[in-house]
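Numbering (my numbering), first residue to last: 1 to 72.
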Amino acid sequence: MSCTPDTMSYRSPETGTLFIQKLVETINTHAHKDDIVELFRKVMKQFEDSKWQMPSGDRWTLINKFYLFPGQ
1 MSCTPDTMSY RSPETGTLFI QKLVETINTH AHKDDIVELF RKVMKQFEDS KWQMPSGDRW
61 TLINKFYLFP GQ
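Right under this line is the structure:
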């Protein structure tokens, strides 16, 4: 789900939501060295000073580090 209940997430037909844009950018830049929780923290940091709704990490249940590209 890209937004909380009863709210809207605006999406560009070409580039997707702002969250997806930032997520893809962060994965492309940092996935070779950071675990998935750190990647999401970096995405959330990009929203701190914006007027847009900030992504939430309150539903994370990972207890171990998970890497998208292990061994690179």
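Glycine is no exception: its CB is placed at the ideal position from the N, C-alpha and C atoms.
Please read these numbers as outputs of a predicted model, since none were measured by experiment.
Skipping 5 residues on each side, what residues in its chain have a beta carbon closer than 6 Å to that of residue i?
i: lysine 22; result: Val43 and Gln46
i: lysine 65; result: Asp35
i: threonine 15; result: Gln21
Apart from the five residues on each side of it in sequence, which residues of its chain come closer than 7 Å, Cβ to Cβ, to residue i?
i: threonine 26; result: Leu39, Lys42 and Val43
For residue i and residue j, I'd like the C-alpha separation in whole angstroms.
i: leucine 30; j: isoleucine 36; result: The sequence shown places histidine at residue 30, not leucine. One C-alpha to the other measures close to 10 Å.
i: lysine 51; j: aspartate 6; result: 18 Å
i: asparagine 28; j: proline 13; result: 21 Å
i: threonine 4; j: phenylalanine 19; result: 13 Å
i: valine 24; j: tyrosine 67; result: 15 Å
Quick one: what does DSSP say residue i is sitting in, helix, strand or coil?
i: threonine 4; result: coil
i: threonine 17; result: strand
Please list, in chain order, all residues of the same chain as residue i whose beta carbon is under 8 Å from its beta carbon, the five residues on each side excluded.
i: leucine 62; result: Ile36 and Val37
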